[in-house]
Amino acid sequence: MAYLERLRKQPIALETNTANKQHYEVGTGVLTACLGPRMKYSSCLYPTGSETLAQAEEAMLQSYLEKAELKDGMSILDLGCGWGSGALFFAEKLPNARVTAFSNSRTQKEYIDAESRRRGLINVTVITGNVVDYEFEGESFDRVASIEASLLLPGLFEHMKNYDLLMAKVSRALKPGGKLFVHIFAHKTTPYDYEEGWMTTHFFSGGTMPSADLLLYFQRHLKHWLSSMIAKKKQMWPHLVETYGGEGEATTWYNRWQVFYMACSELFAYDGGDTWGVAQGLFEKHNPS
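Using full-length UniProt numbering, the letters of the sequence shown correspond one by one to residues 1 to 289.
Structure representation (structure tokens):
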């Protein structure tokens, strides 16, 4: 496929500084007005359709424990950890596990460190760096989890270009027989880059929409985030002003976030939800023994 060959000629990621400004250095107070109590900056799970946002966060996080085959005592890397919903949940449920949260955001590290102290968790370590040039200690993790840092807000894998280089980096960090769990938003058949337009300019600079099978060669949570944002506008406002630098820009970005959530919700509802969605995969590193 020509698209895959083009990706193989690019760096691991592009526009990482821009992406950081668009999402990961946004003031924590802005997102606490939108997200649930776990601060899960990614899709949630609604088994019956009647769950609250808090219940849907818990359901999806619990599913990761099972699908990634996480066990107590393991060394676990949450790669592109967002505001730490996964890392903190894993550390809480697996008290003897050693959980490393990797982020490119100072804001996220501060939040996760504070939450670890508040919850009395002593098995979480937060590392900040750029995955393009950061090298993890060799064969140090039993599991690596990379969970998209929002639908639609590009997570680590959705910001990547050269998947060969990224997968090689992850492989070096995994112990023999270790596994990589990936949760990404994806188009069901066609990968493409975000190259121009409103979404690219304000939210997706340098991003990629993978196809569901790219690494092989939900809509309801967005409505909850939008409703929460509207209900908590007063609480959110000073954080918008601080993040974006003044009342005028705060108004502009409040409106942009509303449009963003509405557009993403409609995108994932398109064609009965059968075109864009979530893809998950579990990859195992070869154990020569």
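Built from N, CA and C at the ideal position, the CB exists for glycine as well.
In DSSP terms, what residue i is bridged to
i	result
T100	L77 and T125
R143	I76 and K179
L174	F141
G272	In DSSP, G272 forms no bridge with anything.
A279	I184
E284	K179
Top-ranked residue by Cα proximity to residue i, from the options
i	options	result
R38	G49, Q55 and P47	Q55
N287	Q235, T243 and K179	K179
A91	W237, I112, E137 and R106	I112
V241	Q62, A231 and Y254	Y254
S43	A97, E58, N104 and D164	E58
Q235	G27, A33 and T28	A33
G280	L35, V144, V182 and L65	Reading off the sequence shown, one finds Gln at residue 280, where the question assumed Gly. For the residues L35, V144, V182 and L65, the minimum Cα distance to Q280 belongs to V182.
R172	E284, K40 and G36	E284
residue 290	D271, V259, L61 and S265	Because residue 290 is not part of the residues shown, which for the chain are 1 to 289, the question remains open.
L121	N96, E110 and K67	N96
S140	V124, S116, V170 and T128	V170
G138	A269, M60 and A168	A168
I230	V259, G245, G129 and G84	V259
D142	V124, L61, S63 and P176	P176
Straight-line gap, residue i to residue j (C-alpha atoms, nearest Å)
i	j	result
Y134	S75	18 Å
E148	V126	18 Å
T107	V131	17 Å
L153	T48	Because L153 sits at a pLDDT of 37, beneath the cut-off of 50, its placement in the model cannot be relied upon, and the following sentence gives the value as read from the coordinates. Each residue's Cα considered, the two are about 25 Å apart.
K232	D164	42 Å
L35	G82	12 Å
A114	T28	12 Å
S150	R119	In this predicted model, S150 has a pLDDT of only 36, less than 50, meaning its place in the structure is not dependable; the value taken from the coordinates is given anyway. Near 24 Å, if we compare the C-alpha coordinates of R119 and S150.
N104	E110	12 Å
S50	L222	14 Å
E266	R256	15 Å
S146	Y46	21 Å
T251	Y244	9 Å
Y64	G246	39 Å
S227	C264	14 Å
N123	A269	39 Å
Cβ-Cβ separation, residue j to residue i (assumed contact under 8 Å), whole Å
i	j	result
F185	V278	6 Å
Proximity of residue i and residue j at Cβ, strictly below 8 Å
i	j	result
G80	F102	yes
Y41	L53	no
T100	D72	no
S116	L88	yes
L166	V144	no
W261	W237	The question names Trp, yet the displayed sequence has Tyr at residue 261. No, the Cβ-Cβ distance between Y261 and W237 is not below 8 Å.
K93	L282	no
8 Å Cβ cutoff, residue i in contact with chain B
i	result
M229	In the structure shown, chain B cannot be found, because there is only a single protein chain.
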